[in-house]
Amino acid sequence: MVSPAHYIALAVILFAIGSVGVLVRRNAIVVFMCIELMLNAVNLAFVGFARMHGNLDGQVIAFFVMVVAAAEVVVGLAILTAIFRARRSASVDEANLLKY
Amino acid sequence: MSHPEVLAAGAAATAQGITFWLLAVISVVAGLGLVLARRAVHCAVLLAVVMLCLAVLYALAGAPFLAFVQVIVYTGAVLMLFLFVLMMVGVTATDSIVETIRGQRLWAGLAGIGLLVLLALTVGHAVIGPAAPATAQFGNSNVQGVATLIFTSFVFPFEVTSALLITAAVGAMVLAHRERTTPKPTQRELARRRVASGSPAPLPGPGTYARHNAVDMPALLPDGSPSQLSVSPVISRQPEPGQRELSGAAPGAHHDPGDRGADDHEAALPSEAGAGSQRGEGRW
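Residue numbers (my numbering), protein chains in the order written: chain A, 1107 to 1206; chain B, 411 to 694.
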């Protein structure tokens, strides 16, 4: 039988993988994908907790997370295309004008 | 509960367990691949695998509405947006292997393992009870249950969400908009520019006179040499020694310095300096 603990364990693993990806990858689009992976992992944890408590609050929160993630991706990718247009590169190392 | 019902419940639990473990393994492997794959398109495909696995897991955990939203919003909209931007930014963009910060990968991996251990300890110490008895709101009336919550207790966040979505749409349009600084060229100017460029004819199509007509197969010039002009630079594959016979050139033409045919590797260039200028035109 699959218990909520299984879902939460899987969510923990996926979240850790996503955070490593954000730290390691240099392509900004792939960094975004890893952020999406982390958001998905958190959604899975919400769904698991909703199942554990027997009410739907967790599912509604996961739904709102999806909405916010969609808006975040739209704005993020628009910023990325703007940066790519200006600098001809999608690497996170290239956008360093505000560095020092 | 009669005997067959107990058996059926046991079989359903077994099927649930099998589905969960299968999808858990697939999603973790795909997640690792997402971090390790070097080409961004492979990453996008692996992310799609993870998202579809999670959609099935939502359905398994009693959230059929979220499962469908996951497929429609995430796999359908967000991932397609990723792929569109990948097409604009360049499919060929691979991550560089060079570390900009020394030892960054090692430390990032250690930090990831540390985070995993921390989270595992936290979750391990937390009391995660068994699943609550399955009610109808985790099954057939899931949509009604979610709708009731959204339009009663969560109605204010729901309204704020609409403002967020409009802001995001306007923001994306403003950020992605490009001001035209020069007037749009007319048909006449385009024609003049084309004639003045020296090559008014269209570029050769891929695959002409080659062994087959795939889009990544360069066309053969009258002398048998492949024309790199005929292949889109996005999908052109670099000529490798093992692949040369695929280009359709006559096998006897190899290693013949007089023939400027099939053998145009970088290494062969110095010995064929005379032919270099003409072939240089055909190169990207």
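Glycine included, every Cβ here is placed at the ideal spot set by N, Cα and C. Note that the coordinates shown come from a computational prediction; the quantities given were computed from them, not determined experimentally.
Neighbours of A/Ala-1111 across chain B, judged by C-beta separation under 7 Å: Ile-538. Contacts between A/Ala-1192 and chain B, judged by CB atoms closer than 9 Å, are missing: the closest CB pair is about 10 Å apart. Note on the stretch 432 to 499 of chain B: whole alpha helix (DSSP H) runs with a minimum of 4 residues are 450 to 470, 474 to 479, 489 to 499, in chain order. In this structure, B/Leu-559 and A/Asp-1199 do not form a Cβ contact; the two beta carbons are roughly 44 Å apart against a cut-off of 8 Å. Collapsing the DSSP output to three states places B/Leu-531 in a helix.
A/Ser-1125 carries a helical assignment under DSSP once its states are collapsed to helix, strand and coil.
Nearest in C-alpha terms to A/Ala-1156, of all of B/Thr-545, B/Ala-530, B/Phe-566, is B/Thr-545. Taking all protein chains shown into account, A/Met-1139 has 16 or more neighbouring C-beta atoms within 10 Å of its C-beta and is therefore buried.
The alpha helix (DSSP H) runs lying completely inside the stretch 1116 to 1173 of chain A and spanning 4 residues or more are 1134 to 1159, given in chain order.
Taking a contact to require three or more Cβ pairs closer than 8 Å, the stretch 547 to 554 of chain B and the stretch 1130 to 1149 of chain A do not qualify as touching. With contacts defined as CB atoms closer than 8 Å, B/Leu-489 and B/Met-461 qualify as a contacting pair. A check of alpha carbon separations from B/Thr-424 across A/Leu-1129, A/Ile-1123, A/Val-1128, A/Ser-1109 identifies A/Ser-1109 as the nearest. Non-local C-beta neighbours of B/Ala-477 in its own chain, meaning closer than 6 Å and more than five positions away in sequence, comprise Ala-465, Tyr-468, Ala-469, ordered along the chain. Assigned with DSSP and collapsed to three states, B/Pro-610 falls in coil, not helix or strand.
Per DSSP, the unbroken alpha helix (DSSP H) holding B/Val-570 starts and ends at 565 to 586. Within chain B, Leu-464, Leu-467 have C-beta atoms less than 7 Å from the C-beta of A/Leu-1150, given in sequence order. By the rule that beta-carbons nearer than 8 Å mark a contact, B/Met-498 touches chain A. Sequence-distant Cβ neighbours of A/Phe-1190 in its own chain, meaning closer than 7 Å and more than five residues away, are Ala-1196. The C-alpha of B/Leu-575 is placed about 36 Å away from the C-alpha of B/Ala-536. Under the DSSP assignment, B/Leu-559 falls in the alpha helix (DSSP H) whose first and last residues are 552 to 561. Of the residues B/Gly-617, B/His-622, B/Ala-624, B/Arg-621, the one whose Cα lies closest to the Cα of B/Ser-637 is B/Gly-617.
Within its own chain, the residues whose Cβ lies closer than 6 Å to the Cβ of A/Ala-1201, once the five positions on either side in sequence are excluded, are Ile-1189, listed in chain order. A/Val-1126 and A/Ile-1119 have their C-alpha atoms some 11 Å from each other. The three-state secondary structure of A/Ala-1196, taken from DSSP, is coil. Between the alpha carbons of B/Pro-474 and B/Pro-593 lies a distance of about 53 Å. Contact between B/Gly-539 and A/Met-1158 holds: their C-beta atoms lie close to 6 Å from each other, under 8 Å. Sequence-ordered contacts of the stretch 476 to 488 of chain B with chain A read Leu-476, Val-479, Gln-480, Val-483, Tyr-484, Ala-487, Val-488 [C-beta pairs closer than 8 Å]. Taking 8 Å as the cut-off, the Cβ atoms of B/Val-483 and A/Met-1172 count as close. Nearest Cα to B/Val-580 within the set A/Ala-1192, A/Arg-1194, A/Ala-1184: A/Ala-1184. Chain-order list of chain B residues neighbouring A/Ile-1123: Val-438, Gly-441, Leu-442, Leu-444, Val-445, Gly-522, by C-beta distance under 8 Å. For A/Ile-1119, a Cβ of chain B is located within less than 8 Å of the residue's own Cβ. The Cβ of B/Met-490 sits no closer than 8 Å to any Cβ of chain A. DSSP, read as helix, strand or coil, puts A/Leu-1203 in coil. According to DSSP, B/Pro-636 shares a beta bridge with B/Leu-630. When 8 Å is used as the limit between beta carbons, A/Met-1144 is near no residue of chain B, the shortest such separation being about 10 Å. In this structure, A/Ala-1177 sits away from A/Gly-1154, with a CB-CB distance that is not shorter than 8 Å.
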